[in-house]
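Asker: Residue numbers (this note's numbering): 5 to 626. Yeah, the Cβ is synthetic: ideal placement off N, Cα and C, and Gly gets one too. A quick note: this is a predicted structure, and the numbers were derived from the prediction, not measured.
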C-alpha cells in the first residue's frame, strides 16, 4: 500500500536547474541540432540503395572496385578527387559493395551537415541556428544529392565546416581551431577541385565585407588608413596575448615581439603541415605510397606527385582545358530552374533574411558574407561547370541557407509573438479564449509563409526522392537510368553467380544512330585501369554491377553477323535496342527486356538465357 503521508524529498516542480542560463540555452540549442541531424540521417538512409546507379556513380564505383582488387590508384581529375574511391574501398571491405553502402559516406556527411550550424552560434541567435540546421537537413537538393555517390555534398560540407572552425577561431581568438579548418579545407580538395571555387567565393565575399567596414569607418569619420592601422594593431595585439596564453585574462600580460613572431610562425607551419598531410595521404599514388613508407628515399617523389603533380593535372583539365566551353545562359537557366523547383524556400527566405538583417539595424557581416557567397556561386557556377546538372545547385543552396535561416527565424517570431500561449492551452482543454493576441492579419500572413515553406520543402523532397522520371530534369541528371533496370540487374548478378564458363556477359558492339561506336572494346583488359576503352563508357552504370558480381565480360565488334554473335553466346547479352530485332531470331531460349539506360534516348536490350535464369532460381517468364 502506498504511504500517502510520506513526504517526498523532491521539491514541488523538481530540483531547480543550477546551471547558468546561457549554458541551459546552449544545451537546448545543441540538443535541437542533434535531433535535426538524426532526422536528416534517417531521411538519407531510408531506401538508400533503391535508385539504380547513375552513370557517374557507376564510373566511380567501378574504379573503386578495380583499386580494391589491384591496389593501384592514381589521381585522375576527370572522376574528381581521390576521397570516395579510397574511403569507399575500405567501406566495401567492411560492409560489401552494394548501392546503399557506396552512398553511405555521402549520406552520413550530408546528414551531419546541420551540425555545422553550431559553429556559427556567435553570429546567429539560437532560433536562427536551429532554423539553419533544419534548412540544411531538409532542402530537397541536399537530400537528393545526399543520397547520391557524388562529391558535391562532400565538398560543400567540408568547406562549410572549415569556414565554421575558421570563424570560431576569429570569434574566440583561439588559433587552435584553425587546425581542423586546415584539415577540412584539404579534405574538400580531396573530394573535388571546385573546393578552389569555395575559397575564391570566400575571398570575394570577404572583399565586399572589407568594403562594408570601410564604409562604416568613413561614416564614423575615420580615414581608411587610420581604420586599416587600427585593425592591424588589433590583430597584432591579439597575437601577442595568444602567444602569452593570456586571452581572456583579467590582467593580461602580452608576449614579447620575438616570442609572438616565433609563436605565429610555429602555428602557421603547423597549420600548413596539417593541410599537406591530408593532401599527401589522399593524393599519393598507390602502391607507391606504401613503398615510400618502407623506403624513405622514395618519399620526395611521392610527395611531388601528390602535390605538384596532382595540381598540374587538375589545372590542365579543369582550368586550362576545354571543359567549360558551353553556352553560359543555357547552364544559368538550368541552375535557375533547379533553384525555383527544388530550392524556392531557401531562395526566397535568403532575400527576406538579408533585407531583415539590413533594415532592423543588426547589419551582421557574417549574414552579408554568406549572401554574397551564395550570389557569387549562382553567377559563377554556370561558367565553371562542365555539365548542366542539378547537383550544381548544392553549391548555391548551402551558402544561401544561412541568410534564409535569418528570414525563417524572423517570420517564425512574428507568428509566435501573435499567439497567446495560455489561451491556446485553454482552447485545447475546451475553452473559448482568443488565441491570436496580436495583429491577426500579420499573424495569418506569417503562418501562411511558414506553411508554404514547409510545403516547399516536403513536396519536392517527396517528388524527387528516388526519382528517375524524365520529367524531373530540374534535379535528376540526364545520365540516370530508369529504375525498372533493377530487376534485370538482379537477374544478371544471380546468373553470373552460378555460371561456370567464360564469358558470363557479352556486349554486342554497335554503330548507334546517335552515339556512334557503342559497347565494343577490342581488349577487355584495357578496362582494368583508367582510361578504359572508348566503347566501355556507354556501358555505364552496368560495369559497376558486373564487376561486383565478378562477371567475365567480352564484347563483339560492330557489324558482326547476328548469327555469329549468337553462336556459343553466354547466358547474358547486352545490346542497343536498335539491334534487338536482328538478334532475337538467333537467340531462341532467351528472354529479352528493354530499358532506358539514360533518362531518354538510349535504350538497351538485355537478353537472358531462360535455362540460366532457372539455374539461378530466378523467375522465368512464361
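I'd like the list of long-range same chain contacts for residue 551, defined as Cβ closer than 6 Å, with 5 residues on each side in sequence excluded.
Answerer: Hits under 6 Å: 66 and 69.
Asker: Rounded to whole angstroms, what is the Cα-Cα separation between residue 45 and residue 625?
Answerer: Taking the straight line from one Cα to the other gives about 39 Å.
Asker: Helix, strand or coil for residue 510, going by three-state DSSP, please let me know.
Answerer: Strand at residue 510.
Asker: Pick helix, strand or coil for residue 8, following the three-state DSSP scheme.
Answerer: Any reading at residue 8 is ruled out, since the residue's pLDDT is 43, under 50, leaving its predicted position unreliable.
Asker: Quick check: the Cα distance between residue 600 and residue 85, rounded to an integer number of angstroms?
Answerer: For residue 600 and residue 85, the distance between alpha carbons rounds to 29 Å.
Asker: For residue 192 and residue 169, which I take to be in contact (beta-carbon distance under 8 Å), what is that distance rounded to the nearest angstrom?
Answerer: Wrong, their Cβ atoms sit about 12 Å apart, outside the cutoff.
Asker: Give the DSSP bridge partners of residue 516, in chain order.
Answerer: 520.
Asker: I'd like to know if residue 223 contacts chain B, where contact means its C-beta is closer than 8 Å to some C-beta of that chain.
Answerer: The structure shown contains no chain B; it is built from a single protein chain.
Asker: I need the boundaries of the alpha helix (DSSP H) containing residue 361, first residue and last residue.
Answerer: Unbroken alpha helix (DSSP H) run through residue 361: 348-363.
Asker: Mind checking who residue 577 pairs with in its DSSP beta bridge?
Answerer: Answer is 510 and 611.
Asker: What first and last residue would you give for the beta strand (DSSP E) that runs through residue 595?
Answerer: From DSSP, the beta strand (DSSP E) with residue 595 extends over 594-600.
Asker: When you compare each of 314, 201, 491 and 300 to residue 388 by their alpha carbons, which one comes out closest?
Answerer: Residue 201 is the option with its Cα nearest to residue 388.
Asker: Tell me which residues share the same chain as residue 622 and place their Cβ nearer than 6 Å to its Cβ, disregarding the 5 neighbours each side in the sequence.
Answerer: Around residue 622: 495 and 498.
Asker: Closest to residue 35 by C-alpha separation, out of 118, 87 and 107, would be which residue?
Answerer: Per the Cα distances, 118.
Asker: Here's the rule I'm using: 16 or more other beta-carbon atoms within 10 Å means buried, otherwise exposed. How should residue 22 be labelled?
Answerer: With a pLDDT of 47 at residue 22, under the threshold of 50, the modelled position of this residue cannot be trusted, and the question is left open.
Asker: Just how far apart, CA to CA, sit residue 417 and residue 407?
Answerer: Between residue 417 and residue 407, the C-alpha separation is close to 15 Å.
Asker: For the segment 527-538 against the segment 471-486, do three or more pairs of beta-carbon atoms, one drawn from each stretch, fall closer than 8 Å, so that the two count as touching?
Answerer: Because the criterion of three Cβ pairs below 8 Å is not met, the segment 527-538 and the segment 471-486 do not touch.
Asker: Taking one C-beta from the segment 292-307 and one from the segment 198-213 each time, how about it: are there three or more such pairs within less than 8 Å?
Answerer: Short answer: they don't touch.
Asker: Can you tell me whether residue 82 is buried or exposed? The criterion is at least 16 other CB atoms within 10 Å of its CB, across all chains shown.
Answerer: Answer is exposed; the Cβ neighbour count stays below 16.
Asker: Could you check what DSSP says for residue 461 in three-state terms: helix, strand or coil?
Answerer: If DSSP states are grouped into helix, strand and coil, residue 461 belongs with the helices.
Asker: Tell me whether residue 126 sits in a helix, a strand or coil according to DSSP, three-state version.
Answerer: It is coil, neither helix nor strand.
Asker: What I want to know is whether the C-beta of residue 524 ends up closer than 7 Å to one or more non-hydrogen atoms of the ligand COA.
Answerer: Within the structure as shown, the ligand COA is missing, as the structure has no ligands at all.
Asker: For residue 181, which residues of its own chain have a beta-carbon under 7 Å away from its beta-carbon, when the five flanking residues on both sides are left out?
Answerer: The residues are 169, 172 and 173.
Asker: Determine the burial state of residue 14: buried for a count of at least 16 other Cβ atoms within 10 Å of its Cβ, exposed for fewer.
Answerer: Model confidence at residue 14 stands at a pLDDT of 41, short of 50, so the residue's coordinates are unreliable and nothing is read from them.
Asker: Give the single residue among 518, 611, 619 and 598 whose Cα lies nearest to the Cα of residue 605.
Answerer: Nearest of 518, 611, 619 and 598 to residue 605, Cα basis: 518.
Asker: Classify residue 488 as helix, strand or coil using the three-state DSSP reduction.
Answerer: It is coil, neither helix nor strand.
Asker: If you drop the 5 nearest sequence neighbours on each side, which residues of the same chain put their C-beta closer than 6 Å to that of residue 77?
Answerer: So the qualifying residues of the chain are 71 and 290.
Asker: Look up residue 559 in the DSSP assignment and say whether it is helix, strand or coil.
Answerer: If DSSP states are grouped into helix, strand and coil, residue 559 belongs with the strands.
Asker: Which of the three DSSP states is assigned to residue 290 in this structure?
Answerer: Residue 290: strand per DSSP, three-state reduction.
Asker: What first and last residue would you give for the alpha helix (DSSP H) that runs through residue 238?
Answerer: It spans 228-247 - the alpha helix (DSSP H) in which residue 238 sits, taken as one unbroken run.
Asker: Could you compute how far the alpha carbon of residue 392 sits from the alpha carbon of residue 229?
Answerer: Taking the straight line joining both Cα atoms gives about 45 Å.
Asker: For the candidate residues 206, 177, 539 and 299, whose alpha-carbon lies nearest to that of residue 242?
Answerer: Comparing Cα positions, the closest option is 177.
Asker: Which value, in whole angstroms, describes the spacing of the CA atoms of residue 549 and residue 479?
Answerer: Approximately 24 Å between the Cα atoms of the pair.
Asker: Three or more C-beta pairs under 8 Å: does that hold for the segment 497-513 against the segment 564-578?
Answerer: Short answer: they touch.
Asker: Looking at residue 560: is its Cβ nearer than 8 Å to the Cβ of residue 520?
Answerer: Going by C-beta atoms, residue 560 is not nearer than 8 Å to residue 520.
Asker: In the DSSP assignment, find the unbroken alpha helix (DSSP H) run with residue 109 in it and report its ends.
Answerer: Counting along the chain, the alpha helix (DSSP H) containing residue 109 begins and ends at 108-116.
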